[in-house]
Structure formats: C-alpha cells, structure tokens
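Heads up: the structure comes next, in structure tokens.
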Amino acid sequence: MSTNPLITEPVEDLASRLEAMTDDEVFATMSELERASEAAGDDAAEEILPRIALTESEIERRYPGELLAPYRNWKQRQTLL
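Add 1179 to the 1-based position in the sequence shown for the numbering used here, that's all there is to it.
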C-alpha cells in the first residue's frame, strides 16, 4: 500500500479537506491522484478512483457547468511554467 496520504487517509477526511482547499490545491490534488492512478496496480487503483471522483465532484461544484475545463486549463498552464 502506498504511503501517500492522499491514498491512505480515509475518504471522508479527504472530502473535508477538499472543501477547505484553494482552487490550486484542489487542482494539484487531482494531478497527484492522476499520477498515482497511472502508476498504481489494479489493487491500488481501487483506492484511488473514488478519490479522483470525489475531487472531480469538488471541481464541478466550484465551477458549475464547466465540468473539468478549469482543471485542464490549470494543468496546461503548469506545463508552460
């Protein structure tokens, strides 16, 4: 099992933390979860995918009707830095 706190902390704790995060922090969390999902085996992916869905929901709550466009735009800006 990973020692990454995003993966090991209870999902309920992550949900509470997401609400208090800035947009950049939420986007960075999503990016880290995506990287972890790509690197994970099937067993670990079962732990990561619900966290990705939770983070997607938080982004969509903050940006109604925009789906993940704000995250994709942020991610694109990060590659330019």
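The C-beta atom is built at its ideal place from N, Cα and C for all residues, glycine as well. In this text the structure is predicted, and so the values were computed from the model without any measurement.
Quiz item: For Pro1184, which three-state DSSP category applies?
Solution: Taking the first residue of the sequence shown as position 1, residue 1184 is located at position 5. Under the three-state reduction of DSSP, Pro1184 is assigned to helix.
Quiz item: Between the Cα of Leu1212 and the Cα atoms of Thr1258, Leu1228, Gln1255 and Arg1256, which residue gives the shortest distance?
Solution: Residue mapping note: residue 1212 aligns to position 33 of the sequence shown, counting from 1. Per the Cα distances, Leu1228.
Quiz item: Does the Cβ-Cβ distance between Leu1233 and Val1205 come in under 8 Å?
Solution: The residue labelled residue 1233 in the question sits at position 54 within the sequence shown. The residue labelled residue 1205 in the question sits at position 26 within the sequence shown. No.
Exercise. Please list, in chain order, all residues of the same chain as Met1209 whose beta carbon is under 8 Å from its beta carbon, the five residues on each side excluded.
Key: Numbered from 1 along the sequence shown, position 30 holds the residue referred to as residue 1209. Apart from sequence neighbours up to five positions away, the residues of its chain that approach Met1209 with a beta-carbon distance below 8 Å are Ile1231, Thr1234, Glu1235, Ile1238 and Tyr1250, ordered along the chain.
Exercise. Determine the extent of the alpha helix (DSSP H) in which Ala1248 is found, giving its start and end residues.
Key: Counting from one through the sequence shown, the residue named residue 1248 turns up at place 69. For Ala1248, the enclosing alpha helix (DSSP H) has its first and last residue at Ala1248 to Leu1259.
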